[in-house]
Ligand code: MN
């Protein structure tokens, strides 16, 4: 214990003489006290763990606060020391670091597909707020995985997977190569011990075989560099086991085919020296075409910089050379934790990489004014301020815009979930439906089959357009018939204020202009939208007023036809056309006038007079067109017997057993023949029955309607106008 502590102090002294060592000591004493009596699975005192984590951070040369927070990182979670105690002793900064680490530890993990894992990584970054929290968490995980041996096999595998899928890629993204490779190799060791040992012994064997060979190359390079007067350090590096493993399996290569298994690494003082060394080795050895990579000019997304080239050595065996400056070397090892340079990256980065490169730019700006220690303190990760990451009870991560609530969550899962939602639980507690979700929340939607659909108010509560669209869709689809009726009623109510009949205002022309105005495909869509409230009637009223004004003006101008001589002399359908005898008369199919209806005629071009109901939309339409209006002519019903006419009616009723048979009974009672019956039921138990029937007069139709309205449940009957 004390040994570890001394090691830590020595390490810090090697790079930061101004550190507050008394604070480190207090942290150490606090941790010893807090964890007293606790042992790790391996049997050693628990406090060895936080000390080891602090040492890893000291190796990365992190600031004093990070070291103190690392020593304390398990106190809030596992001991009687709470937020208040730590805050009183160490202050706001450190307690927020410790709490950040504690929070990250609570993110649940289970193996997922790639997109889920990516969201999980983002969630880590989003929750961390301060980059140092991530660094402490990475060091914590590194030490845990180093000491995994004492856990059960199952637990080891689970930890190893999590490490490989979440922690190692994060270390990679942040450019902390040193931690990344160790996390990967240790994870692989537990996940595929055979594969791991196989590659390990292979590499060792090859290492042995090539020792002399590498040595001779190294010496050749060393001699030449001394000759050139370049200051350098040269070393051999072996590719880490996991990268080798991945390359062998992913690209189906044998270990001999992996050219960069061994590399010679040359570290020099300046970029100019890097290129000088490269030129020199290309003269000494034969480079393999296409294997040269200039990561100095084109750094990797995680800011890695070096020159890489593969060459054929004296024995014909390829080897890789990596050339970099000391600064690049530190960046390669410690990434974001290092004091580093950022140059313009390449496109084709993932979203996360793009956001991280933004961090690098920030660092670059800060670097100009403050030193590395200072800026580490001030960097706050705000990469995902506009997003929130939450879990389903199964552990899937759902990514939503910040400020989202359970409604957004439910519809993000599936419309079927949102449409049946009756409430929600967050972290096990029932919450109001407009409860704002926070990063890491576990959200459960409570559904019920008795819920008939989303509430209309949700349109206002939902934050995501996805949820709103899906709610709108539901209202459009599920309640379409009712909404259309409701919409029409709303309009009729509005028209009552001006005492103008519906059909006079809502001419085909006017209807078309309204449909266009709201970019819908049919007038029924508009009515339905009014019905469910997506379009407020106040948006239509001004247009209606305009239309009424227009009507009043044109009314006076409708010219009256005086004389017309038709060529055709066939039947007249019981109609008298004013001023014309024996002309061809047809009852129009659009409004199916029956005797008693107020009617009007229209002189067609060559097909006689067509007779419409006065309130027919088509007639209002024709009247509004100058040339057509002159073809309107007055017509009357002749007193005809035994001629029948087709009419369409719609019956709206509460659905119930025997409804249809009662309706048909009424028809037979009145001896009125039915031509077609079409019935449907909406989700809300409303039956809508459309009937085509034959009547002799409006009087008969009126009587029938009155009788039908007496059927229990029926509350509305309308004459259908096509
Ligand atoms: Mn820990």
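In the numbering used here, the protein residues as written are 50 to 771.
Each residue gets a CB set at the ideal place from its N, CA and C atoms; glycine is no exception.
This one's a predicted model, so the numbers in the text were calculated from it and none came from an experiment.
Practice task
With DSSP as the reference, label residue 768 as helix, strand or coil.
Solution key: For this step, residue 768 is matched to residue 719 along the chain shown. In this structure, residue 768 counts as strand in the three-state DSSP scheme.
Problem - Buried versus exposed, by CB contacts within 10 Å (16 or more), residue 425 - result: To locate residue 425, count along the chain shown from 1; it is residue 376. A caution first: residue 425 carries a pLDDT of 45, below 50, which makes its placement in the model unreliable, though a value can still be read off. So residue 425 ends up on the buried side.
Problem - Straight-line gap, residue 382 to residue 182 (C-alpha atoms, nearest Å) - result: Within the chain shown, residue 382 is the residue found at index 333, counting from 1. Within the chain shown, residue 182 is the residue found at index 133, counting from 1. Whole-angstrom Cα-Cα distance: 19 Å.
Practice task
Check whether the Cβ atoms of residue 330 and residue 374 lie closer than 8 Å to each other.
Solution key: As a working note, residue 330 is residue 281 in the chain shown. As a working note, residue 374 is residue 325 in the chain shown. Cβ atoms of residue 330 and residue 374: not closer than 8 Å.
Problem - residue 245 to residue 238 span [Cα, whole Å] - result: Along the chain shown, one-based indexing puts residue 245 at 196. Along the chain shown, one-based indexing puts residue 238 at 189. One C-alpha to the other measures close to 5 Å.
Handout entry: residue 98 CB to nearest heavy atom of the ligand MN below 7 Å
Key = One-based indexing of the chain shown puts residue 98 at position 49. Yes, Cβ of residue 98 sits closer than 7 Å to a heavy atom of the ligand MN.
Handout entry: Same chain, Cβ closer than 8 Å to residue 192, neighbours up to 5 away in sequence not counted
Key = As a working mapping, residue 192 is identified with position 143 in the chain shown. These residues qualify, in order along the chain: 98, 101, 102, 105.
Exercise for the section: Using a threshold of 8 Å, state whether the C-beta atoms of residue 532 and residue 577 are closer than that. Expected result: Mapped onto the chain shown, residue 532 falls at position 483. Mapped onto the chain shown, residue 577 falls at position 528. Cβ atoms of residue 532 and residue 577: closer than 8 Å.
Problem - Reference residue 280, options 333, 323, 740, 494, closest by Cα - result: As a position in the chain shown, residue 280 is number 231, starting the count at 1. Residue 280 has its Cα closest to that of 323, out of 333, 323, 740, 494.
Problem - Helix, strand or coil at residue 58 according to DSSP, with G and I counted as helix - result: The residue you call residue 58 lines up with position 9 of the chain shown. Note: residue 58 maps to helix in three-state DSSP.
Exercise for the section: For the alpha helix (DSSP H) holding residue 77, just list the boundary residues, first then last. Expected result: Numbered from its first residue, the chain shown carries residue 77 at position 28. Unbroken alpha helix (DSSP H) run through residue 77: 70-83.
Practice task
List the residues that DSSP assigns as beta-bridge partners of residue 470.
Solution key: Stepping through the chain shown from its first residue, residue 470 is reached at position 421. Answer by DSSP bridge pairing, in chain order: 496.
Exercise for the section: Tell me whether residue 728 sits in a helix, a strand or coil according to DSSP, three-state version. Expected result: Taking the chain shown and counting its residues from 1, one reaches residue 728 at position 679. Residue 728 falls in the strand class under three-state DSSP.
Problem - Environment of residue 209 [buried if 16+ CB atoms lie within 10 Å] - result: If you number the chain shown from 1, residue 209 lands on position 160. Counting Cβ neighbours within 10 Å, residue 209 comes out buried, since at least 16 surround it.
Handout entry: Bounding residues of the alpha helix (DSSP H) (the contiguous stretch that carries residue 457)
Key = Translated into the one-based positions of the chain shown, residue 457 becomes position 408. Where residue 457 is concerned, the enclosing alpha helix (DSSP H) stretches over 455-462.
Problem - For the ligand MN, residues whose Cβ lies under 5 Å from any non-hydrogen atom - result: 123, 189
Exercise for the section: Could you spell out where the beta strand (DSSP E) holding residue 122 opens and where it closes? Expected result: As a first step, residue 122 must be located in the chain shown, where it is residue number 73. Segment: none, residue 122 is in no beta strand (DSSP E) and carries neither H nor E.
Problem - Top-ranked residue by Cα proximity to residue 768, from 745, 741, 760 - result: The sequence position of residue 768 within the chain shown is 719, counting from 1. Checked all of 745, 741, 760; the closest Cα to residue 768 is 741.
Problem - Completely contained beta strand (DSSP E) runs for the stretch 626-709, where each covers 3 or more residues - result: 634-636, 648-652, 658-662, 684-686, 694-703
Exercise for the section: Compute the beta-carbon to beta-carbon distance between residue 737 and residue 699, rounded to the nearest angstrom, for a pair I have assumed lies under 8 Å. Expected result: If you number the chain shown from 1, residue 737 lands on position 688. If you number the chain shown from 1, residue 699 lands on position 650. At roughly 7 Å, the Cβ-Cβ gap stays under 8 Å, so residue 737 and residue 699 are in contact.
Handout entry: Residue interval of the alpha helix (DSSP H) (run including residue 259)
Key = Translated into the one-based positions of the chain shown, residue 259 becomes position 210. Start and end: 242-277.
Handout entry: Spatial distance of residue 360 from residue 74 (CA atoms)
Key = By 1-based counting over the chain shown, the position of residue 360 is 311. By 1-based counting over the chain shown, the position of residue 74 is 25. Each residue's alpha carbon lies about 52 Å from the other.
Problem - C-alpha gap between residue 671 and residue 678, whole angstroms - result: Counting from 1 along the chain shown, the entry for residue 671 is found at position 622. Counting from 1 along the chain shown, the entry for residue 678 is found at position 629. Roughly 6 Å between the two C-alpha positions.
Handout entry: Contact set for residue 750: own chain, Cβ-Cβ below 7 Å, skip 5 residues either direction
Key = Within the chain shown, numbered from 1, the residue matching residue 750 stands at position 701. Counting only Cβ-Cβ distances below 7 Å, and skipping sequence neighbours, we find 643, 696, 744.
Exercise for the section: Using only alpha-carbon positions, find the residue among 701, 380, 195 that is nearest to residue 733. Expected result: Your numbering for residue 733 matches position 684 in the chain shown. Comparing Cα positions, the closest option is 701.
Handout entry: Distance, residue 472 Cα to residue 495 Cα
Key = Against the chain shown, residue 495 aligns to sequence position 446. Against the chain shown, residue 472 aligns to sequence position 423. C-alpha separation (whole angstroms): 5 Å.
Practice task
Assuming residue 87 and residue 114 form a contact by the criterion Cβ under 8 Å, report the distance between their Cβ atoms to the nearest whole angstrom.
Solution key: In the chain shown, residue 87 corresponds to position 38, counting from 1. In the chain shown, residue 114 corresponds to position 65, counting from 1. Contact flag wrong, Cβ pair sits at about 24 Å.
Exercise for the section: Indicate whether residue 18 and residue 152 have their beta-carbon atoms separated by less than 8 Å. Expected result: Residue 18 lies beyond the residue range present for the chain, which begins at 50 and ends at 771; the question has no answer from this structure.
Problem - residue 371 (DSSP reduced to helix, strand or coil) - result: As a first step, residue 371 must be located in the chain shown, where it is residue number 322. In the structure shown, residue 371 sits in a strand (DSSP, three-state: E or B).
Problem - Reduced DSSP secondary structure (H/G/I, E/B, other) of residue 484 - result: As a first step, residue 484 must be located in the chain shown, where it is residue number 435. In the structure shown, residue 484 sits in coil (DSSP, three-state: anything other than H, G, I, E or B).
Handout entry: Secondary structure of residue 88, DSSP reduced to three states
Key = The sequence position of residue 88 within the chain shown is 39, counting from 1. Of the three classes helix, strand and coil, the one that applies to residue 88 here is strand, per DSSP.
Practice task
To the nearest angstrom, report how far apart residue 416 and residue 255 are at their CA atoms.
Solution key: Looking up residue 416 in the chain shown gives position 367. Looking up residue 255 in the chain shown gives position 206. Residue confidence is low: residue 416 scores 46 on pLDDT, short of 50, so the model does not pin down where it sits. No coordinate-derived value is stated.
Practice task
Pick out whichever of 335, 135, 89 has its Cα sitting closest to the Cα of residue 20.
Solution key: Shown here, the chain extends from 50 to 771; a query on residue 20 therefore has no answer.
Practice task
Identify whether residue 354 lies in helix, strand or coil by the three-state DSSP scheme.
Solution key: As a first step, residue 354 is located in the chain shown; it is residue number 305 there, counting from the start. Residue 354: coil per DSSP, three-state reduction.
Handout entry: Element boundaries [beta strand (DSSP E), containing residue 286]
Key = Reading the chain shown from its first residue, position 237 is the one you call residue 286. That run of the beta strand (DSSP E) goes 281-287.
Handout entry: Spatial neighbours of residue 516 in its chain, beta-carbon cut-off 6 Å, leaving aside the 5 residues before and after
Key = Counted from its first residue, the chain shown places residue 516 at position 467. Hits under 6 Å: 456, 457, 460.
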